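Visitor:
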Amino acid sequence: MMTGTILQYVIYLLVLVVLAIPLGAYIKKVMNGEKTFLSRLLIPCEKLVYKVMRVDISEDMNWKKYVISVLVFSGIGLVFLFLLQLLQGVLLGNPQGLSGVKWDLSFNTAVSFVTNTNWQAYSGESTLSYLTQAVGLTVQNFVSAATGIAVLFALIRGFMKVKSKGLGNFWVDMTRIVLHILIPLNLVIAILLVAGGVIQNFEPAQNVSLVEPIAVNDKGEIIENANIDLNSQTVRLNGQIVSGAKIVTEQFVPMGPAASQVAIKQTGTNGGGYMGVNSAHPLENPNAFTNLLEMISILLIPAALCFSFGSMIKNKKQGIAIFSAMGICLVLALGVIAVSEQYATPQLAQGGNVDISMVDQPGGNMEGKEARFGIATSATWAAYTTAASNGSVNSMHDSYTPLGGMITMLLMQLGEVIFGGVGCGLYGMLAFAILTVFIAGLMVGRTPEFLGKKIEPYEMKWAVVVCLATPIAILIGSGIATALPSTVDSINNGGAHGLSEILYAYSSCGGNNGSAFAGFNANTVFLNVSLGLVMLFARFIPIIGTLAIAGNLVTKKKIAVTVGTLSTTNVMFVFLLIFIVLLVGALCFFPALALGPLAELFSMF
Amino acid sequence: MRILKNIVPKALMIFMIFTLVCGVFYTGIVTGIAQVFFPDQANGSIIEVDGKKYGSELLGQQYTDEKHMWGRVMNIDVSTYVNQDGDPVMYAAPSNISPASQEYQDLIAQRVQKIQSSHPDKKNIPIPEDLVTSSGSGLDPHISLAAANYQVERIAKAQNMNESKVQDIIKKCTDVKFLGILGEETVNVLKVNLMLDGILK
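Read top to bottom, the protein sequences are chains E and B.
Following this note's numbering, the numbering of the first sequence begins with 1 at its first residue and continues without gaps.
Following this note's numbering, the numbering of the second sequence begins with 606 at its first residue and continues without gaps.
In structure tokens:
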């Protein structure tokens, strides 16, 4: 039993690394405009886009123009998605006849998708039309992911180029990323998902017969132990006819274009589910095969980008060093979640009355987890999705053990740099690397340098902004929310866990993650608006900071490597980097975590 | 200002192109291929016998009849969706309850009692956890092998059937691990019940 479970964890990690390395090489080629095996097919399409757009591909944008392009492009997406939701009731592609979405929820969802967060205050199957899902959400899933990757490559060019101004062309970067990387990858994944059982159609939702009808009283509550007579349509309880009772004989089966959305929500570290319960839903993630595809997709591009980065700067060791720092944190986090979930809680074990062993079942804490995924597959997903700023779930984090739930929260609070979002995870981590060389430089008394560029006060100031944007957004947001009496109404669990629910919501939005302690009802005007603002802040402040750093670095000359140069590729640097990431995270969040999950942990026994 | 004049039209243009490529073409191609090559899967894996739709093999239902196999605990929702006639239809949601709370302890204790009283022969055997916990989707169609085996005697007695016959049905409805390693071995509860009722062969 035990070895089988451990083997699952090992396979999930290995498959990721094995696929990330070749993809990393491919991404680098695409971004450099080199030839790939898809060039013959895609280069003509790419040229057509430039022609229609009338874009001058030789234009090299300075950092300010790059920033403004990112902001304008994202702004257009935001307005479009906001209006699309408001108006979906009168538009095509709405066989369920859903009405327009309320303004605050539309705002929240539009921000959520444009910022690559994909926080779900909505429930897909009951709120959004097929048109909104396909033309609104799916498109933002693609382009918000592409934006993250584009900004990363602008930063990389800042390190590579010498005494120049340009960071690349935003339009060219976006076109290449979407056409050469995201579309082909997701076509393959989406079709494999359908083959595995994920729905993909434009039919209205279906109703199917229930094997056992359900009796409901006039208040809409289920009548347990009722005697149902379908012929006379009567419901009896203990021999007495229940007046006003209704008999439910059908089940709701949601339909729609799910697989195409699910593929990109996984690969683009978006995470906004087609269904309300995301990839826990059996029609969104029916079995271990689809789960493998979806779960590996979470970390595939963020991990691949580490290798692309190394090969771009012609220093593969540097890519491996960053990858190792992220990988070590991921494995540690996964280990804690796995052990804690397998151990479960005394409240579930009931002094031995409930079997939580691993014989003929996964064992451990199965509350909020699907039988087909068990502990290993759920815990791995939980670690992957919070390490990356993905936020999709295949089990309910709200029902995790206190320690398991805390680790998922901590991974987001660390600033989403343990792989993190596509592109943004790595540029966030590079800001931490700049912080690290600065601190290390202070210790040995040398001017800090990174990748041959001098790190000076200008870069340091912006690096600190990039590193602290997430903690600031989370702590101020959750602080205000906790002080408001109305927030308490949204809480699902009492006590310390209630605070954890609030903290998790703001950590998720502040980390642009999007997962939730889903018992928390986030669909209120205050929460929709405040979480929306947190997402905007945590997305665009670091983008501006990153491009500002890149814009300054690109003007500098390269300095020669000497014996005195601090190596940024050795084991010591890897651990120093991990240490700095953990230090900033711990200093910011320990007090809050102590009042939430840790307090719950100690009251559990 | 001049810089905006340059950027805004290009941003609008590229946004329209991407909406067409990623929203319309991509979604359309995937739907087309799905409907041609995998129509069953793409349309919800619905079990249809003689023109009647008996549920989706991927969506759990609630069973309380002694004659049926029971699944995960469900939080039934009959208020969100209605059918064409305006009558409520059933859906379900996860509990999202903390497994470390007093509330949870009390809830599980109640469920344990209920299961124990319906399985008098199994008094001293711990209850497989799938029978007292809610799933992640709230619609889990499966339970573990342990949870299925636990119910064999009760089902056999209520159905007036040999225990080995019930076990055969369970075996037929067992989904194995992917490649023998990934995920968990599970039993599809709807299929078991349709076979017990003689609807599925």
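Backbone N, C-alpha and C define an ideal beta-carbon position, used for all residues, glycine too.
Everything numeric in this text was worked out from a predicted model, so none of it was measured.
#1: Between the beta-carbon of Ile407 (chain E) and the beta-carbon of Ile337 (chain E), is there less than 8 angstroms?
#2: Of all Cβ atoms in chain E, is any one closer than 8 angstroms to the Cβ of Glu758 (chain B)?
#3: Between which two residues does the alpha helix (DSSP H) harbouring Tyr696 (chain B) extend?
#4: Could you check how far apart the C-beta atoms of Met396 (chain E) and Ala321 (chain E) are, in whole angstroms? I think they sit under 8 angstroms.
#5: Classify Lys672 (chain B) as helix, strand or coil using the three-state DSSP reduction.
#6: Which chain B residues are close to Thr401 (chain E), counting only those with a beta carbon under 7 angstroms from its beta carbon?
#7: Between which two residues does the alpha helix (DSSP H) carrying Gln8 (chain E) extend?
#8: My assumption, with CB atoms under 8 angstroms, is that Leu208 (chain E) sits in contact with Val253 (chain E). Please give the rounded CB distance.
#9: Just the C-alpha distance for Leu300 (chain E) and Gly425 (chain E), rounded to the nearest angstrom, thanks.
#10: Could you pull the DSSP bridge partners for Asp355 (chain E) from this structure?
#11: Determine the chain E residues that contact His673 (chain B) at a beta-carbon separation under 9 angstroms, and present them in chain order.
#12: Pairing CB atoms from the region 76-94 of chain E with CB atoms from the region 108-125 of chain E, are three or more of them under 8 angstroms?
#13: How about Thr651 (chain E): is its C-beta nearer than 8 angstroms to some C-beta of chain B?
#14: Going along the region 287-309 of chain E in order, which residues come within less than 7 angstroms of chain B, judged by CB to CB distance?
#15: Under the three-state reduction of DSSP, which class applies to Asn94 (chain E): helix, strand or coil?
#16: Is the shortest distance between the beta-carbon of His747 (chain B) and the beta-carbons of chain E less than 8 angstroms?
#17: Taking the beta strand (DSSP E) that Arg236 (chain E) falls in, what are its first and last residues?
#18: Quick one, which residues of the region 249-270 of chain E are near chain B if we go by CB-CB under 7 angstroms, in chain order?
#19: I'd like the span of the alpha helix (DSSP H) that includes Gly124 (chain E), first residue to last.
#20: So for Glu46 (chain E), helix, strand or coil by DSSP?
#21: Does Met766 (chain B) come within less than 8 angstroms of chain E when only Cβ atoms are used?
#22: Which value, in whole angstroms, describes the spacing of the CA atoms of Tyr811 (chain B) and Ile544 (chain E)?
#23: Distance, Cα to Cα, Asn523 (chain E) vs Ala121 (chain E)?
#24: Pull up the distance between the alpha-carbon of Ser74 (chain E) and that of Val67 (chain E), whole angstroms please.
#25: Please determine if the region 263-279 of chain E and the region 186-204 of chain E are in contact, where contact requires at least 3 C-beta pairs separated by less than 8 angstroms.
#26: Using the C-alpha atoms, what's the distance from Ser392 (chain E) back to Thr621 (chain B)?
#27: Closer than 8 angstroms between beta carbons: that is the criterion. Which residues of the region 673-688 of chain B meet it against chain E?
#28: Under a three-way DSSP split, which group does Asn108 (chain E) fall into?
#29: Among E:Pro22, E:Val135, E:Val464 and E:Leu527, which one has its Cα closest to the Cα of Leu484 (chain E)?
#30: Taking 7 angstroms as the limit between beta carbons, can you name the residues of its chain near Val664 (chain E), skipping five residues before and five after?
#31: Check each candidate in E:Leu155, E:Cys509, E:Ile247 and E:Lys165 and name the one with the smallest Cα separation from Val218 (chain E).
#32: Which one or two residues does DSSP pair with Ser749 (chain B) in a beta bridge?
#33: Give the straight-line distance between the Cα atoms of Asn611 (chain E) and Asn285 (chain E), rounded to the nearest whole angstrom.
#34: If you count every other CB in all the chains shown that lies within 10 Å of the CB of Ile480 (chain E), and 16 or more means buried, which is it?
#35: What residues from chain E crowd round Leu805 (chain B), counting only those whose CB sits closer than 8 angstroms?
#36: What residues from chain B crowd round Asn523 (chain E), counting only those whose CB sits closer than 8 angstroms?
Guide: Quick look at the numbers:
#1: yes
#2: no
#3: That residue, Tyr696 (chain B), is in no alpha helix (DSSP H); its beta strand (DSSP E) goes Pro693 to Ala698.
#4: In fact, because the Cβ distance is near 36 angstroms, the residues do not count as touching under 8 angstroms.
#5: coil
#6: Pro704 and Ala705
#7: Met2 to Met31
#8: Residue identity check: residue 208 (chain E) is Val in the sequence provided, not Leu. That belief holds up - the Cβ atoms of Val208 (chain E) and Val253 (chain E) are roughly 6 angstroms apart, short of 8 angstroms.
#9: 12 angstroms
#10: B:Pro733
#11: Val211 and Glu212
#12: yes
#13: As shown, chain E starts at 1 and ends at 605. That puts residue 651 (chain E) outside it, with no answer to give.
#14: Asn287, Ala288, Phe289, Asn291 and Leu292
#15: coil
#16: yes
#17: Thr234 to Leu237
#18: Glu250, Gln251, Phe252, Val253, Met255, Pro257, Ala259 and Ser260
#19: Gly124 to Thr127
#20: helix
#21: no
#22: For residue 811 (chain B) there is no data in the structure shown, the boundaries of chain B being 606 and 806.
#23: 5 angstroms
#24: 11 angstroms
#25: yes
#26: Before going further, note that residue 621 (chain B) is Met rather than Thr in the sequence given. Their backbone Cα atoms lie some 27 angstroms apart in a straight line.
#27: His673, Arg677, Ile681, Val683, Ser684, Thr685, Tyr686 and Asn688
#28: helix
#29: E:Leu527
#30: With chain E covering 1 to 605 only, the question about residue 664 (chain E) has no answer from this structure.
#31: The identity of residue 218 (chain E) in the sequence shown is Asp, whereas the question assumes Val. Closest by alpha carbon: E:Ile247.
#32: B:Thr791
#33: Limits of chain E in this structure are 1 at one end and 605 at the other, which puts residue 611 (chain E) out of reach.
#34: exposed
#35: Result: empty, since nearest Cβ-Cβ is about 11 angstroms, beyond 8 angstroms.
#36: Simply none; closest approach about 14 angstroms.
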